[in-house]
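Novice: Take this structure, written in structure tokens, and hold onto it; I'll ask about it next.
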Amino acid sequence: MPKKFSYSKKEKVKGRKLIERLFTEGKSFTIFPIKTFYLPLDEKMDSPARAGVGAGSKNFPKAVQRNRIKRLLREAYRTEKLPLLEYLYQHSRQVALFMIYIDKTMPEYSLIKNKMPFIIQRLIRELHENNS
RNA sequence: CUACAAACCCGAACUAUCGUUCUCCGCCUGAAGCGGAGGAAGGAAAGUCCGGACAGCACAGGGCAACCCACCGGUAAAGAGCCGGGAUGCUUUUCCGGUAAUUAGCCCGGCAAAAGCAUACAGACAGUGCCACAGAAAAUUUCUGUUCCGCCUUUGGCGGAAUGAGGGUGAAAACGUGAGGUAAGAGCUCACGAUGCUACGCAGUAAUGUAUAGCAUGGGUAAACCUUGGGUGCUGUAAUGCCAUGUACAGGGCCAUUUUGAGAGCUGCCCGUUCAAGGCCCGGGGUAGGCAGCAUGAUCCUGGCAGUAAUGCCAGGGCCAGAUAAAUGAUAGUGUAAAAACAGAAUCCGGCUUACGAGGUUUGUAGCUUU
RNA sequence: UGCCCGAUAGUAUAAUGGCAGUACGACAGAUUCUGGCUCUGUAUGUUUGGGUUCGAAUCCUAAUCGGGCAA
287 MPKKFSYSKK EKVKGRKLIE RLFTEGKSFT IFPIKTFYLP LDEKMDSPAR
337 AGVGAGSKNF PKAVQRNRIK RLLREAYRTE KLPLLEYLYQ HSRQVALFMI
387 YIDKTMPEYS LIKNKMPFII QRLIRELHEN NS
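Going by this note's numbering, the first residue of the first sequence is number 287, and it counts up by one from there.
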């Protein structure tokens, strides 16, 4: 087992091909203000879950604002991802996911931190139903 | 002391826990992983407005076109940047002259001086065009008028000639003021000035300033065409080189095939020249990974020297982001008047422009207090 | 990241440097028992700042916003 709260290169969604597959073939759900795309994968990877974050440049034209949102999303995912990893290890599955901030105002960190457990639980539930 | 404006400087520190990226070292056959050490956004990283470096393609030669620049000298790799100087314009103050009933702070003028600000600042005496409305006239002019002559019956009217001063129009009106002169007038003449050209001196590297003489005086616009002088090959790091993977040498259309030659190169066009048997288009298919480019440079810091300055030279020391969905965050505390503003590298530099914060320094203006 | 275009009424689209039009729409009135059609009228404006010029939608320049291209 790697470190509990890490978020290194191995745990990020990498490559233009994988990202295009994720957005065209993957499924999605929304827990406001975050929309999540996910795609179960068959091939073996270094890490069972790979995640990416983003914010639209139409809502946030300044690069500083987009960087801020991406940092907050990464920080929340890093601290709250443990249940997802445990589920994936138990059932030996892999998944790629991408979270996009869709509101038009700058968020507080506490808001995103509170929403993140719900997103993880919803994702585990949907994966379980899809499997069975 | 307070407020405002301008210029320059600065762009918030530390500790703990968790976490990101790069480099080096160790464990390890190697990879992965773990541990340790170190580095990790800006003054504008922004806009992409100028200028380069670098790279690819092109490069016998001539002409045309297009685009850019424009007072002078310096600086620099270069520039529409910067520094210094000049000229012009505006404002303020002082001074001088004129006019007026007056010894004018007030009106008019000043190549008389100082300070401040601004200027895409070659040429309108090479040529062409344009200048609405108003006005007589917007560039070889004559509405009202003035004067003289002739005719008619006088107050006056008509015709001819001269004139460009006064009036009014306009953004702009035919060099300005005064005097002489004249029938009335006019640079028609003179005095003092203005502007331009030519000649010749002096000062200055030069722009330019200044003295003298002669000639001339019909406005504005070149960010209208243009003329003069100078300059510019095109494309941008998604450039470009290498490695790996993979496919379709399938199909359709047009033009040529040894001449009268389709077409290609000289990347804007023409001449000229070279090559020439295949060329162009539609449509379809494949790949879309890695390495280099890519972080030692017109570099940064300190000191000295040269120069009015921009800047340059010398010596010593330092290595200071390098990702590829894209790295600096979260929590708690110390501390502060305030965890503030504008804002995030993507090939790299020199400038310009725009955005912005709490202050600091200097200069100027205004107000208040004290002496 | 690099390069290149554009901006005129609510919409579409004109305008040699010289009074900013045209069509549709909007509003008001007339006509009609009411609405529509029709007729008459009105209000709307050059993205913003600075400059050249007597005068700028137009020329120059800086910004803002929008759009396009790129192995």
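Every residue, glycine too, gets a C-beta built ideally from N, C-alpha and C. In this text, all values refer to a predicted model and were calculated from it rather than measured experimentally.
Is any heavy atom of the ligand ZN found at a distance shorter than 7 Å from the C-beta of Leu359?
Specialist: Absence of the ligand ZN is noted for the structure shown, with no ligands found whatsoever.
Novice: Would you call the segment 299–317 in contact with the segment 340–354, where contact means no fewer than 3 C-beta pairs closer than 8 Å?
Specialist: no
Novice: Hey, how far is the Cα of Ser378 from the Cα of Met392?
Specialist: Distance between the alpha carbons of Ser378 and Met392 is about 37 Å.
Novice: Output the boundary residues of the alpha helix (DSSP H) element that contains Val350.
Specialist: For Val350, the enclosing alpha helix (DSSP H) starts and ends at Ala349 to Glu366.
Novice: Taking only the alpha-carbon atoms, compute the straight-line gap between Ile410 and Lys399 and give it to the nearest angstrom.
Specialist: In this structure, the straight-line span from the alpha carbon of Ile410 to that of Lys399 is close to 18 Å.
Novice: Can you grab the Cα-Cα spacing for the pair Ile405 / Ser396, in whole Å?
Specialist: 15 Å
Novice: For a quick check, are the C-beta atoms of Ile320 and Lys401 less than 8 Å apart?
Specialist: yes
Novice: Could you say which of Leu327, Arg360 and Phe291 lies nearest to Gln380 if we only look at CA atoms?
Specialist: If we check each option's Cα against that of Gln380, Leu327 comes out closest.
Novice: From Gly301 to Leu383, what distance separates their C-alpha atoms?
Specialist: 13 Å
Novice: What residue range does the beta strand (DSSP E) around Pro393 cover?
Specialist: Where Pro393 is concerned, there is no enclosing beta strand (DSSP E), given that its DSSP letter is neither H nor E.
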